[in-house]
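Below is one structure, written out as structure tokens; comments come after it.
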């Protein structure tokens, strides 16, 4: 009983899945979400956060510890006259020892870095924005690939349906011709010709099914889901406004310009002076009081603190050259933008013309199919009356099949070209 219930539930699930359908928009969304590169967004954010934290820590005080021992060949000494005078009065001065040693600690605190940290933070943020924009471009390119697969599957589906319809039509005519052969009103070669055409179409059917499964397998990899047994619906397409493009490449060009500006600001800060506070303390010999260190060799504790201004003027030598390089880089970015817009406009006009041409073709498709059906029906009647042979009938059936296939293709191609235009404009 439990087994029967399980089989019943399984059959319901399979039947529901068989009648399930997915849309192009769903596939596009899932393809972007499933694309491995999407993980880079989080990685880029984390890397930038770490870099910003490192820059901010540049304002923390720098503390260093050291220990030192040294031997000198010459040290400060009392003048010989003074030493002799003191010696006569019973004072023996050894002078400063050539062996010196100390344990020290040093603290440095930046008070003003000339705007370098601010400029570096701006560079990091601009670099992140540029990297994210580049990733947007990479992910957007997936759309056209998924659309090509999706519409390729729809076109093959129409081919399968029309081929199956033609095979059914040939099978019905084959029965009539075989009946005519038995009655002596047709030749066996006529029946053989129709049967051969039937078998050839079945071969075409098998090839098309194999191609469609290959397309479906690739699409399944893109969206990360098994789509076997799931119908792909043909989307409704509305012509987008061609007033301009909103492609992510334009955003990338803007972010590249902002990155360039951030680098220019960093060049200006590189020639600014730095102001800092410092403090040094050490325990050892000799101390800052050299006279006392010369009269005795005791260890002492010593402290020194103050403000320090440093200014490295090397940046002035290369400042103009670096600015010139960045201006050249900005000009290249502007040229790339203009080239992209130029090519995008050409592609837009070409796709708009293709859509117009297909719409003009579609206006006659229904009439052509109707006429081909009438001709085929007339040919079937003529075959029954012995006026034509099977060759002529096959020609008319093929013409009708091609007309129906063309009509279906044109409808799908119209939607596909509209989506191509949407993709070109990102609208």
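In this note's numbering, the protein residues as written are 758 to 1184.
Glycine residues also receive a C-beta, built at the ideal position from the N, C-alpha and C atoms.
Values in this document were obtained by computation on a predicted structure and should not be read as measured data.
Work out the CA separation of residue j and residue i for me, nearest whole Å.
{"i": "residue 1132", "j": "residue 1144", "result": "14 Å"}
{"i": "residue 1026", "j": "residue 779", "result": "56 Å"}
{"i": "residue 1099", "j": "residue 1105", "result": "10 Å"}
{"i": "residue 1074", "j": "residue 1084", "result": "18 Å"}
{"i": "residue 830", "j": "residue 1067", "result": "33 Å"}
{"i": "residue 986", "j": "residue 884", "result": "45 Å"}
{"i": "residue 1155", "j": "residue 1135", "result": "14 Å"}
{"i": "residue 978", "j": "residue 1088", "result": "41 Å"}
{"i": "residue 1177", "j": "residue 927", "result": "37 Å"}
{"i": "residue 1121", "j": "residue 1163", "result": "11 Å"}
{"i": "residue 1070", "j": "residue 819", "result": "24 Å"}
{"i": "residue 1077", "j": "residue 1017", "result": "15 Å"}
{"i": "residue 916", "j": "residue 1111", "result": "22 Å"}
{"i": "residue 1148", "j": "residue 976", "result": "41 Å"}
{"i": "residue 942", "j": "residue 955", "result": "21 Å"}
{"i": "residue 805", "j": "residue 798", "result": "11 Å"}
{"i": "residue 906", "j": "residue 972", "result": "6 Å"}
{"i": "residue 946", "j": "residue 1127", "result": "30 Å"}
{"i": "residue 914", "j": "residue 968", "result": "10 Å"}
{"i": "residue 1117", "j": "residue 801", "result": "49 Å"}
{"i": "residue 844", "j": "residue 871", "result": "57 Å"}
{"i": "residue 835", "j": "residue 1044", "result": "16 Å"}
{"i": "residue 1123", "j": "residue 1101", "result": "34 Å"}
{"i": "residue 1061", "j": "residue 1030", "result": "23 Å"}
{"i": "residue 961", "j": "residue 918", "result": "12 Å"}
{"i": "residue 1153", "j": "residue 1113", "result": "30 Å"}
{"i": "residue 842", "j": "residue 848", "result": "9 Å"}
Under a CB-based cut-off of 7 Å, is residue i close to chain C?
{"i": "residue 819", "result": "This model lacks chain C altogether, as it is built from one protein chain only."}
Taking the alpha helix (DSSP H) that residue i falls in, what are its first and last residues?
{"i": "residue 1155", "result": "1147-1182"}
{"i": "residue 905", "result": "873-940"}
{"i": "residue 1133", "result": "1072-1141"}
{"i": "residue 1012", "result": "1005-1026"}
{"i": "residue 787", "result": "781-791"}
{"i": "residue 866", "result": "Taken as a continuous stretch (DSSP letters only), residue 866 belongs to no alpha helix (DSSP H), being part of the beta strand (DSSP E) at 856-869."}
{"i": "residue 845", "result": "837-845"}
{"i": "residue 806", "result": "796-813"}
Who are the near neighbours of residue i in its chain, counting only those whose CB is closer than 8 Å to its CB and skipping five residues on each side?
{"i": "residue 1042", "result": "854, 857, 858, 859, 1050, 1054, 1055, 1056, 1057"}
{"i": "residue 1115", "result": "1167, 1170, 1171, 1174"}
{"i": "residue 812", "result": "874, 877, 878, 881"}
Along the chain, where does the beta strand (DSSP E) containing residue i start, and where does it finish?
{"i": "residue 948", "result": "No beta strand (DSSP E) holds residue 948; the alpha helix (DSSP H) holding it covers 945-980."}
{"i": "residue 1045", "result": "Here residue 1045 belongs to no beta strand (DSSP E), and DSSP marks it neither H nor E."}
{"i": "residue 821", "result": "819-828"}
{"i": "residue 1059", "result": "1057-1067"}
In its own chain, which residues sit with a C-beta less than 7 Å from the C-beta of residue i, not counting the 5 before and 5 after it?
{"i": "residue 809", "result": "878, 881"}
{"i": "residue 891", "result": "1009"}
{"i": "residue 1157", "result": "1129, 1130, 1133"}
{"i": "residue 1021", "result": "1080, 1083"}
{"i": "residue 823", "result": "861"}
{"i": "residue 1139", "result": "1145"}
{"i": "residue 1052", "result": "850"}
{"i": "residue 866", "result": "818, 1033, 1034"}
{"i": "residue 911", "result": "989, 991, 1169"}
{"i": "residue 789", "result": "795, 896, 899"}
Below 6 Å CB to CB, which residues in the same chain sit around residue i once its five sequence neighbours on both sides are set aside?
{"i": "residue 1047", "result": "833"}
{"i": "residue 886", "result": "1012"}
{"i": "residue 777", "result": "987"}
{"i": "residue 785", "result": "900, 903"}
{"i": "residue 1096", "result": "none"}
{"i": "residue 1019", "result": "879, 880, 883"}
{"i": "residue 1160", "result": "1125, 1126, 1129"}
On the CB-based measure, 16 or more other CB atoms within 10 Å of its CB, does residue i come out buried or exposed?
{"i": "residue 963", "result": "exposed"}
{"i": "residue 815", "result": "exposed"}
{"i": "residue 828", "result": "exposed"}
{"i": "residue 983", "result": "exposed"}
{"i": "residue 888", "result": "buried"}
{"i": "residue 1107", "result": "exposed"}
{"i": "residue 1064", "result": "exposed"}
{"i": "residue 796", "result": "exposed"}
{"i": "residue 995", "result": "exposed"}
{"i": "residue 839", "result": "exposed"}
{"i": "residue 1180", "result": "buried"}
{"i": "residue 771", "result": "Reliability fails at residue 771, whose pLDDT of 41 lies under 50, so the model's placement of it is uncertain and no value is given."}
What distance in whole Å lies between the Cβ atoms of residue j and residue i, which are believed to be in contact at a cut-off of 8 Å?
{"i": "residue 990", "j": "residue 1183", "result": "Contact doesn't hold; Cβ gap of about 23 Å is too wide."}
{"i": "residue 794", "j": "residue 895", "result": "6 Å"}
{"i": "residue 1005", "j": "residue 893", "result": "4 Å"}
{"i": "residue 948", "j": "residue 938", "result": "5 Å"}
{"i": "residue 1036", "j": "residue 868", "result": "So it is not a contact: roughly 13 Å between Cβ atoms."}
{"i": "residue 958", "j": "residue 980", "result": "About 32 Å; that fails the 8 Å criterion."}
{"i": "residue 781", "j": "residue 950", "result": "Contact flag wrong, Cβ pair sits at about 42 Å."}
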